[in-house]
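Peer 1:
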Amino acid sequence: MKLVYEKIRDLESLYVRHLRMLLSAEELIAIKTPFLADNTTDSDLRRSFQQYALRSREQSPVIRALLERASTDSEPLKCRVVYALFEEAEELINDALHDEVRNVIVIAAAQRIKHYQLAMYGTTTEFARVLGRDEDARKLEQITEEERAEDKQLSNIAERINPSAKKAA
Amino acid sequence: MTVDSIEKLLVEELKDLHSAETQITKTLPKLIKAASSQELKKAFETHLKETEGQIERLDQIFEILGKKAVNKTCVGMKGLITEGSEMMQETESGDVRDAALISAAQRVEHYEISAYGTVRAYAEQIDQSEVVDLLEETLEEEKATDEKLTQIAKKINSAAKRAA
């Protein structure tokens, strides 16, 4: 892992820095989301996670293309937060005693990851806009909307699932 | 530890949030110092006071639930703060650093919005209406802070572009 970073001197390099973090986040999410799918007994929720994993796999090359156009340094920069959030999720999943409770835990974990992405994509879109990279901004905006829709979908599933977890107690 | 009910899950997540908020109160003074924009400094100062109030609310909730806010480290928040301080070290004081600080702070806000949204739903589920109200108050503060940061970012990002 690269420990000494280049200085971020302008908005352009801050933008590139964000894209590199996003690329790492998406790649990790594509790899780890099937684990969330495996840990749910709700078929609707499992299907959603399988879709999210697929979508992350499609989003990574989009980010990579933006990065390659913006910089010669297009390597992902390990996104420690998404990594930590999955670690946290794994721990809590292992502590869950019932399937119903585990389903609820998996949703909470996924929504935290979604919100990380929402904030990250929101900021990065705004950077692209200010930099006059309108096409980048449009693509990033589209991904932001997909993430927002996924977060909303998870909230809806949680509303249906939470009562059954209460009964499980 | 085992989690076999929504109530236990609520308590676990509240402990996590207590740790997250405590970490934030320790970090905000550094952000206040690092920021150049007076408006941004003021926003962080206001949020520091708010965060102290949010910890008091959490303590109140633990009292209502008859539980203790025992030490637990929120790993997610630790990661967010480390990520933010790295970016701070990579930038020189000025508009670009301010833009990086806002970016990191908004990720922290989103973590909290998501976590408070989750615990509020749990509290609703077990009919703890007093707890729901307290969590709702904090959730609204976090959303307002996020919105305020978005507004400040608009000015600072343009300035940061000119700085190039």
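Residue numbers (the working numbering), protein chains in the order written: chain A, 872 to 1040; chain B, 4 to 167.
From the three backbone atoms N, C-alpha and C, an ideal C-beta is built for every residue, glycine too.
(1) Do you know offhand how far R100(B)'s Cα is from A107(B)'s?
(2) Roughly how many angstroms lie between the CA atoms of I1028(A) and L968(A), to the nearest whole one?
(3) Please name the residue or residues paired with A967(A) in a DSSP beta bridge.
(4) A103(B) and F934(A) - do their beta-carbons sit closer together than 9 Å?
(5) List the residues of chain B whose Cβ lies closer than 9 Å to the Cβ of N1033(A), in chain order.
(6) Count the other CB atoms within 10 Å of the CB of K45(B); is the residue buried (16 or more) or exposed (fewer)?
(7) Where R888(A) and G69(B) are concerned, what is the direct C-alpha to C-alpha distance, given to the nearest angstrom?
(8) Note down, in chain order, all residues in the stretch 7–39 of chain B with a beta-carbon under 9 Å from any beta-carbon belonging to chain A.
(9) Could you tell me whether the Cβ of H113(B) comes closer than 9 Å to any Cβ of chain A?
(10) Going by DSSP in three states, I27(B) sits in which element: helix, strand or coil?
(11) Would you kindly work out how many angstroms separate the C-alpha atoms of A23(B) and T76(B), rounded to a whole number?
(12) Are the C-beta atoms of K157(B) and some chain A residue less than 9 Å apart?
(13) Considering only residues of the same chain and omitting the five flanking positions on each side of I978(A), which have a CB-CB separation below 8 Å?
(14) Just checking my contact of G82(B) with R918(A) at CB under 8 Å: how many whole Å lie between their CB atoms?
Peer 2: So, from the listed chains and residues:
(1) Straight-line Cα distance between these residues: approximately 11 Å.
(2) 20 Å
(3) V6(B)
(4) As written in the sequence, residue 934(A) is Ile, which differs from the Phe given in the question. Contact flag unset, no.
(5) I9, A124, Y125, E127 and Q128
(6) exposed
(7) 45 Å
(8) Of all residues in the stretch 7–39 of chain B, D7, S8, I9, E10, K11, L12, E15, E16 and D19 have a Cβ within less than 9 Å of some Cβ in chain A.
(9) yes
(10) The answer is helix: DSSP assigns I27(B) an H, G or I state.
(11) 8 Å
(12) K157(B) counts as touching chain A.
(13) L916, L1025, I1028, A1029 and I1032
(14) That belief does not hold up - the Cβ atoms of G82(B) and R918(A) are roughly 29 Å apart, past 8 Å.
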